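> One line per chain: the protein sequences are Y and L, in this order.
For the first sequence, my numbering assigns the number 384 to the last residue and increments by one with no breaks.
For the second sequence, my numbering assigns the number 520 to the last residue and increments by one with no breaks.
Even for Gly, the Cβ is constructed at its ideal location relative to N, Cα and C.
Note that this is a predicted model, so its numbers are computed, not measured.
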Amino acid sequence: MPDYTLKIRRYSPETGESAYWEEFQVELDEHRSVLDGILQAKDRTDGSIGIRCSCRAAICGSCGVRINGRPGLACHMHLGVAQKSSKDGQTIVVEPMGNMPVLKDLIVDMDAVHWKKIRRVTPWLLPDGPPPEREYVVPMESMVDVTQTMACIQCGACVSDCLSMEVDPLFIGPAALAKAYRFVGDPRDGQQFERLKDLAEDPHGIYDCTHCFNCIEACPKGVAPMNQIMRLRRIAGSDHKIEDRNNGLRHEKAFVKNIEKNGVLAEADLLPDSYGGKFHPRAVPELIDSLPVILRALMRGKVTPKALLPHKFPDQKQIRRIYDTVHDRDERFELNLYIVGKDEDEDGDGDSRSSGNDPGTAQGSPGSSPPERSPNT
Amino acid sequence: MRVAYWPGCVSRGFTPELHGSMELVAPMLDIELVQLDRASCTGAGVIAEHNQELADTLNARTFALAQQVEGADMMMNICSTCQGAQSECQERLDANAEYREMVNGTLEGEGLRYEAGITNKHFLWLMVEEIGLDVIASKVKRPLTDLRVGPFYGCYIVRPTDRLGISDELPRDTYLAQLIETLGGTVVDYAGSHKCCGFPIITMNKAASLKQAGRHIGDAIDADADCLVTPCPLCHLNLDLQQPLAQREVGRDLGLPILHLPQLVGLAFGLSPKELGMNKHIVKPTSVVDWSTSVVAGVGAEQGGW
Numbered sequence: 008m009p010d011y012t013l014k015i016r017r018y019s020p021e022t023g024e025s026a027y028w029e030e031f032q033v034e035l036d037e038h039r040s041v042l043d044g045i046l047q048a049k050d051r052t053d054g055s056i057g058i059r060c061s062c063r064a065a066i067c068g069s070c071g072v073r074i075n076g077r078p079g080l081a082c083h084m085h086l087g088v089a090q091k092s093s094k095d096g097q098t099i100v101v102e103p104m105g106n107m108p109v110l111k112d113l114i115v116d117m118d119a120v121h122w123k124k125i126r127r128v129t130p131w132l133l134p135d136g137p138p139p140e141r142e143y144v145v146p147m148e149s150m151v152d153v154t155q156t157m158a159c160i161q162c163g164a165c166v167s168d169c170l171s172m173e174v175d176p177l178f179i180g181p182a183a184l185a186k187a188y189r190f191v192g193d194p195r196d197g198q199q200f201e202r203l204k205d206l207a208e209d210p211h212g213i214y215d216c217t218h219c220f221n222c223i224e225a226c227p228k229g230v231a232p233m234n235q236i237m238r239l240r241r242i243a244g245s246d247h248k249i250e251d252r253n254n255g256l257r258h259e260k261a262f263v264k265n266i267e268k269n270g271v272l273a274e275a276d277l278l279p280d281s282y283g284g285k286f287h288p289r290a291v292p293e294l295i296d297s298l299p300v301i302l303r304a305l306m307r308g309k310v311t312p313k314a315l316l317p318h319k320f321p322d323q324k325q326i327r328r329i330y331d332t333v334h335d336r337d338e339r340f341e342l343n344l345y346i347v348g349k350d351e352d353e354d355g356d357g358d359s360r361s362s363g364n365d366p367g368t369a370q371g372s373p374g375s376s377p378p379e380r381s382p383n384t
Numbered sequence: 215m216r217v218a219y220w221p222g223c224v225s226r227g228f229t230p231e232l233h234g235s236m237e238l239v240a241p242m243l244d245i246e247l248v249q250l251d252r253a254s255c256t257g258a259g260v261i262a263e264h265n266q267e268l269a270d271t272l273n274a275r276t277f278a279l280a281q282q283v284e285g286a287d288m289m290m291n292i293c294s295t296c297q298g299a300q301s302e303c304q305e306r307l308d309a310n311a312e313y314r315e316m317v318n319g320t321l322e323g324e325g326l327r328y329e330a331g332i333t334n335k336h337f338l339w340l341m342v343e344e345i346g347l348d349v350i351a352s353k354v355k356r357p358l359t360d361l362r363v364g365p366f367y368g369c370y371i372v373r374p375t376d377r378l379g380i381s382d383e384l385p386r387d388t389y390l391a392q393l394i395e396t397l398g399g400t401v402v403d404y405a406g407s408h409k410c411c412g413f414p415i416i417t418m419n420k421a422a423s424l425k426q427a428g429r430h431i432g433d434a435i436d437a438d439a440d441c442l443v444t445p446c447p448l449c450h451l452n453l454d455l456q457q458p459l460a461q462r463e464v465g466r467d468l469g470l471p472i473l474h475l476p477q478l479v480g481l482a483f484g485l486s487p488k489e490l491g492m493n494k495h496i497v498k499p500t501s502v503v504d505w506s507t508s509v510v511a512g513v514g515a516e517q518g519g520w
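Take a look at the structure:
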């Protein structure tokens, strides 16, 4: 059986000593998991290695760690693959997850960060009116829509590497916001507007996501938290018209309008428009703050006066027509490949070819993807 | 090779030196650029955030225009954000024939039609995969000897890996490092190389945005980088244009020059910093110029940074 080297980050706060690295040799088949490796080291070499685990089958979400700098489940990574992806092709580096305090070795304090944030989004159903006598009855499609977020196993891998949280620890974060979508998207919930208003107005809410895709990459279950955050923004902005104090909707509107008007981005308009227009009280301090930068850019010839003028775009009519066609639809389309799968993908969750729906009809987003429920206005 | 070339908006707006340097470097690599003048902004993820179908239709239109370019081998970007936004739309368009038909229905009026499966590569990918690092090495006139370059990939060109086709066979998330070595430079390993520059939230949470930029620049300086190179003009805006503000935010002196990808290639191919528009940067590329004062007339070197 092959030998593997595990380089584990050790830390015990009560000793008062700083964290250090320790290498362990383990002997296991290449198809055994990194978790198996850690447990063997614990069993044979040092019983004091701290690791949290339970199911060993990527279901319970307990053994989140960073392997070779990337977050994931220790039980969900083969030793052979981990060795191959290591920096030197030999040493598998295992660290505790990021963005959370370390309790001991590979165990982080999920309560202090992850669970606190999950609780922040009111993760339970808030239905309107008295409960029905028996169970709630909902259309099946509407529940399919939230299955992606329901796949979350609360492992914290996305929280570990969230780049917004790295600079803004108060950011609600990917796991909790994905959980928020699970209820915003649930037809039984009666507080969609209130939930979205709260998340949009929070300076560390939906508009604090920096769109880095790290959570999508980290998630072992395909929840794609960032996509759920974008859906929260879409529903907050387009359906509920929630004008947040963080410039989130203003920026989106300014950008979308800018392209409708100019075809390509006229940057000089975008910044002031994102704050509500050149003469908006909110825009003035921002522009004054940015003035030295803009002046320097002008002096260096980086930003030419020409760039400050609207560009001439040859096919503006076409762009406008595309905008009109899409905005005039009764329902906004959203193709979620997690749910409908790809045409070629025989094992996909849905078979888009068999539906035969006309993509223009109300129920007929292509394939079996559920259309968003709100009207396109 | 002949490519349908989409320069993007920012490379012709606030970072004109990017498009300019690309136009100089292309012929040196035997790339014929056929510019897609009629294409629109990719939406940079923001239009998709507003309405997915709108972003998909705008980009399908761009793909259709690219497919009309006669004799073009593929489509090429020089902006990572364009590349990422387009890849996202292409993934949906290529995945579902019915959806594609619906989008093509919107384009029909203009006689445009997107056929699934366009090859669309960022200049970085094209250099490594189509031209080859050996060919690039053979064109180096002035190796970047002793220049310590930190690769700054940003997000859109490295994540999500499955959508972008990153695998053991195509390790696209290592191409900048490979290229820096090919050009004779030294790759600087630092914490921020694959992190976010912060640009997408500059209008929403300015402090967090600048902190991201400032922290990555600081990490690179701590690792003794002379400069960073980025394949994304939006990263360049936050790392260079906003660097004075980022410096204020993180409370330490920065002053690290940030190069666009074609500028780094151009330097090694013997072009002067001025030709490559490096004098237009907010952070003067002094450290880069110092390294080759014998060849390069000092662009702003006399003033010692900004």
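(1) Helix, strand or coil for Y/E341, going by three-state DSSP, please let me know.
(2) Tell me L/A291's beta-bridge partners as DSSP assigns them.
(3) Determine whether the Cβ of L/S501 lies closer than 7 Å to any Cβ atom of chain Y.
(4) Does Y/I266 have its Cβ less than 7 Å from a Cβ in chain L?
(5) Just the C-alpha distance for L/I431 and Y/Q198, rounded to the nearest angstrom, thanks.
(6) Closest Cβ-Cβ distance between Y/L294 and chain L: below 7 Å?
(7) Start and end of the beta strand (DSSP E) containing L/Q249?
(8) May I ask you to list, following chain order, the residues of the segment 324-356 of chain Y that have a beta carbon less than 7 Å from some beta carbon of chain L?
(9) Below 6 Å CB to CB, which residues in the same chain sit around L/G406 once its five sequence neighbours on both sides are set aside?
(10) Let me see if you follow: with CB-CB separation under 7 Å, is L/M492 close to chain Y or not?
(11) Between the C-alpha atoms of Y/I58 and Y/I45, what's the straight-line distance to the nearest angstrom?
(12) As a quick exercise: from Y/Q90, Y/S167 and Y/D335, pick the residue whose alpha carbon is nearest that of Y/I223.
(13) Could you tell me whether the Cβ atoms of L/F413 and Y/E274 are closer together than 7 Å?
(14) If we count the other Cβ atoms within 10 Å of its Cβ and call it buried at 16 or more, is Y/L302 buried or exposed?
(15) Please identify the residue among L/C293, L/V342, L/G298 and L/R252 whose C-alpha is closest to the C-alpha of L/A262.
(16) Can you tell me whether DSSP reads L/C449 as helix, strand or coil?
(17) Measure the alpha-carbon distance for L/T400 versus Y/K14 and round it to whole angstroms.
(18) Under 6 Å: does the beta carbon of L/H336 sit that close to some heavy atom of the ligand SAM?
(19) Would you mind sorting Y/S432 into buried or exposed? The rule is 16 or more other CB atoms within 10 Å of its CB.
(20) Starting from L/C410, find everything on chain Y with Cβ-Cβ shorter than 7 Å and list it in chain order.
(21) Can you give the Cα-Cα distance for L/E302 and Y/C169, rounded to whole angstroms?
(22) Quick one: what's got a C-beta closer than 6 Å to L/Y389's C-beta in the same chain, skipping five residues either side?
(23) With a threshold of 8 Å on Cβ separation, who are the neighbours of L/L238 within its own chain once the five nearest residues in sequence on each side are excluded?
(24) Say whether chain L places a C-beta atom closer than 7 Å to the C-beta of Y/P20.
(25) Does the CB of Y/P139 have a neighbour CB from chain L at under 7 Å?
(26) Quick one: residues in its chain with C-beta nearer than 7 Å to the C-beta of Y/K285, no 5 flanking neighbours on either side, listed in chain order?
(27) At what residue ranges does the segment 346-430 of chain L contain a whole run of the alpha helix (DSSP H), taking only runs of 4 or more?
(28) Residues in the segment 384-404 of chain L with C-beta within 7 Å of chain Y's C-beta atoms, listed in sequence order?
(29) I believe L/G379 touches L/C293 by the beta-carbon criterion, under 8 Å. Please report the beta-carbon distance rounded to the nearest angstrom.
(30) Would you identify the three-state DSSP class for L/H474, choosing helix, strand or coil?
(31) Who are L/C441's beta bridge partners in DSSP?
(32) Mark L/E267 as exposed unless 16 or more other C-beta atoms lie within 10 angstroms of its C-beta, in which case mark it buried.
(33) Distance, Cα to Cα, L/V372 vs L/C446?
(34) Do the segment 319-334 of chain L and the segment 266-284 of chain L touch if we need at least three Cβ pairs shorter than 8 Å?
(35) Under a CB-based cut-off of 7 Å, is L/C293 close to chain Y?
(36) Closest to L/E324 by CA distance: which of Y/A231, Y/E259 and Y/K324 is it?
Walking through what the data contain:
(1) To locate residue 341 of chain Y, count along the first sequence from 1; it is residue 334. Reduced to three states, the DSSP call for Y/E341 is coil.
(2) Locating residue 291 of chain L in the second sequence gives position 77, where the first residue counts as 1. The question names Ala, but residue 291 of chain L is Asn in the sequence shown. DSSP output for L/N291 lists L/W220 and L/H336 as bridge partner(s).
(3) In the second sequence, counting from the first residue as 1, residue 501 of chain L sits at position 287. No, L/S501 lies away from the interface with chain Y (no Cβ there is under 7 Å from its Cβ).
(4) By 1-based counting over the first sequence, the position of residue 266 of chain Y is 259. It does: the Cβ of Y/I266 has a partner Cβ on chain L nearer than 7 Å.
(5) The sequence position of residue 431 of chain L within the second sequence is 217, counting from 1. The sequence position of residue 198 of chain Y within the first sequence is 191, counting from 1. Going from the Cα of L/I431 to the Cα of Y/Q198 covers about 43 Å.
(6) Working through the first sequence from its first residue, we reach residue 294 of chain Y at position 287. Judged by the 7 Å Cβ criterion, Y/L294 is not in contact with chain L.
(7) Position 35 of the second sequence, counted from the first residue, corresponds to residue 249 of chain L. E246 to Q249 is the span of the beta strand (DSSP E), which, as asked, contains L/Q249.
(8) Q325, I326, R328, I329, Y330, T332, V333, R339, F340, E341, L342, L344, V347, K349 and D350
(9) Working through the second sequence from its first residue, we reach residue 406 of chain L at position 192. Taken in chain order, the residues that qualify are H430 and D433.
(10) Locating residue 492 of chain L in the second sequence gives position 278, where the first residue counts as 1. L/M492 does not count as touching chain Y.
(11) Walking along the first sequence from the start, residue 58 of chain Y turns up at place 51. Walking along the first sequence from the start, residue 45 of chain Y turns up at place 38. If you take the alpha carbons of Y/I58 and Y/I45, they lie about 8 Å apart.
(12) Within the first sequence, the letter at position 216 stands for residue 223 of chain Y. The option with the nearest alpha carbon to Y/I223 is Y/S167.
(13) What you label residue 413 of chain L is simply residue 199 of the second sequence in a count that begins at 1. What you label residue 274 of chain Y is simply residue 267 of the first sequence in a count that begins at 1. Their beta carbons are not under 7 Å apart, which means L/F413 does not touch Y/E274 by this criterion.
(14) In the first sequence, residue 302 of chain Y corresponds to position 295, counting from 1. Exposed is the call here.
(15) As a first step, residue 262 of chain L must be located in the second sequence, where it is residue number 48. When each option's Cα is compared against that of L/A262, the closest is L/G298.
(16) The residue labelled residue 449 of chain L in the question sits at position 235 within the second sequence. L/C449 falls in the helix class under three-state DSSP.
(17) Taking the first residue of the second sequence as position 1, residue 400 of chain L is located at position 186. Taking the first residue of the first sequence as position 1, residue 14 of chain Y is located at position 7. Cα to Cα, L/T400 sits roughly 27 Å from Y/K14.
(18) The ligand SAM is not part of this structure, which contains no ligands at all.
(19) Since the first residue shown for chain Y is 8 and the last is 384, residue 432 of chain Y is missing from the structure and cannot be characterised.
(20) Indexing the second sequence from 1 puts residue 410 of chain L at position 196. Correct list: L170, T217 and C219.
(21) Position 88 of the second sequence, counting from 1, holds the residue named residue 302 of chain L. Position 162 of the first sequence, counting from 1, holds the residue named residue 169 of chain Y. If I take the Cα positions, the gap works out to 20 Å.
(22) Numbered from its first residue, the second sequence carries residue 389 of chain L at position 175. Once the five neighbours on either side are set aside, the close Cβ partners of L/Y389 are L338 and V342.
(23) The count along the second sequence starts at 1 and reaches residue 238 of chain L at position 24. If we look at L/L238 and ignore the five residues flanking it on each side, its Cβ neighbours are P476, G480, L485, E489 and L490.
(24) Translated into positions along the first sequence, residue 20 of chain Y becomes position 13. Not one chain L Cβ lies under 7 Å of Y/P20.
(25) Taking the first residue of the first sequence as 1, we reach residue 139 of chain Y at position 132. Chain L, which has no Cβ nearer than 7 Å to the Cβ of Y/P139, makes this no.
(26) For the purposes of this step, residue 285 of chain Y is taken as the residue at position 278 of the first sequence. The answer, listed in chain order, is P279.
(27) 347-352 and 389-396
(28) none
(29) Residue 379 of chain L sits at position 165 when you count from the first residue of the second sequence. Residue 293 of chain L sits at position 79 when you count from the first residue of the second sequence. With a Cβ gap of about 18 Å, L/G379 and L/C293 do not count as contacting.
(30) In the second sequence, the residue the question calls residue 474 of chain L occupies position 260. L/H474 falls in the strand class under three-state DSSP.
(31) Walking along the second sequence from the start, residue 441 of chain L turns up at place 227. For L/C441, which the question treats as bridged, DSSP gives the partners L/V363.
(32) Position 53 of the second sequence, counting from 1, holds the residue named residue 267 of chain L. Its Cβ being crowded by 16 or more others within 10 Å, L/E267 is buried.
(33) As a position in the second sequence, residue 372 of chain L is number 158, starting the count at 1. As a position in the second sequence, residue 446 of chain L is number 232, starting the count at 1. Their Cα atoms are separated by approximately 12 Å.
(34) yes
(35) By one-based count along the second sequence, residue 293 of chain L stands at place 79. So, not an interface residue.
(36) Position 110 of the second sequence, counted from the start, is the residue given in the question as residue 324 of chain L. Residue Y/K324 is the option with its Cα nearest to L/E324.
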